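Okay, structure first, notes after.
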Amino acid sequence: MTELTLYTNPMSRGRIARWMLEEIGEPYDVEILDFGPPMKNDQYCAINPMGKVPALRHGGHIVTEAAAICAYMAETFPQAGLAPRPDERADYFRWMFFTAGPVEAALTNHALGLEPPEDKSGMVGYGSYASVVDALEKAVSAHPYIAGERFTAADVYVGSHVSWGTSFGTLESRPAFTAYWERLKDREALNRAFQLDDAAAENMKKATA
1 MTELTLYTNP
11 MSRGRIARWM
21 LEEIGEPYDV
31 EILDFGPPMK
41 NDQYCAINPM
51 GKVPALRHGG
61 HIVTEAAAIC
71 AYMAETFPQA
81 GLAPRPDERA
91 DYFRWMFFTA
101 GPVEAALTNH
111 ALGLEPPEDK
121 SGMVGYGSYA
131 SVVDALEKAV
141 SAHPYIAGER
151 FTAADVYVGS
161 HVSWGTSFGT
171 LESRPAFTAY
181 WERLKDREAL
191 NRAFQLDDAA
201 AENMKKATA
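Just so you know, we're using the UniProt record's numbering here: the sequence shown kicks off at 1 and counts up by one.
Pasting the structure below:
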């Protein structure tokens, strides 16, 4: 039995955690959960009271939220070289959690047609969709990678949102986003993760057919 277990669904943000696990290179187990009752039963809610994925069990510890899982694994397995160096720490934490907070909220609300009135934008953590997208564009344009000159765990998280957002139309497609994703999309760990999750999704479809 391995120390790491990922609770996920291949059509969820669990894909971010799967990519991170593949980057780390440590053995791990996977528990695939269907949406709905399987995520809401007492057994799984003891792992994540929110009843959602992803969740990561590491020995006797549980980590939830994809950004936290990325940051946790980078620091817990430093041999993978994905934690920030001293000169990268500011941009690493700044943009990973900017994406987890303002970007996620702004893109979700925008997709749902929920736009704060201009005179109330100060009450919303992200201000406006336009300001968030502009800030993200500047972030991915400042360096080859989000924290500097090399790939880190922050790129797993930020890159996932850029890819999904532009693919599904929740994030405006801009040359800077395309160029950033081009620098990430051929990573071996990413492609392994995609193949594993795509296969898991196909198996789930067959099981319910």
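Glycine included, C-beta positions come from ideal geometry on N, C-alpha and C.
Quantities reported herein were computed from a predicted structural model and do not represent experimental measurements.
Going by DSSP, residue 69 is part of the alpha helix (DSSP H) stretching over 66-76.
Out of 153, 195, 199, 192, the CA that lies nearest to the CA of residue 79 is found in 153.
For residue 64, same chain residues with a beta-carbon under 6 Å away, outside a window of 5 residues either side, are 48, 55 in chain order.
In the three-state reduction of the DSSP assignment, residue 180 falls in the helix class, which pools H, G and I.
One Cα belongs to residue 27, the other to residue 108, and the distance between them is close to 33 Å.
By alpha-carbon distance to residue 76, the top candidate from 61, 50, 133, 87 is 61.
Per DSSP, residue 115 lies in no alpha helix (DSSP H) and is assigned neither H nor E.
Sequence-distant partners of residue 67 (beyond 5 residues in either direction) whose C-beta falls short of 6 Å from its own C-beta, in its chain, are 96, 100, 157.
Around the CB of residue 9, 16 or more other CB atoms lie within 10 Å, so the residue is classed as buried. Beyond the five residues adjoining it in sequence on each side, residue 149 comes within less than 7 Å, by CB distance, of 143 in the same chain, given in chain order. With a threshold of 16 other beta carbon atoms within 10 Å, residue 52 meets it and is buried.
For residue 5, there is no enclosing alpha helix (DSSP H); the residue is found in the beta strand (DSSP E) stretching over 4-8.
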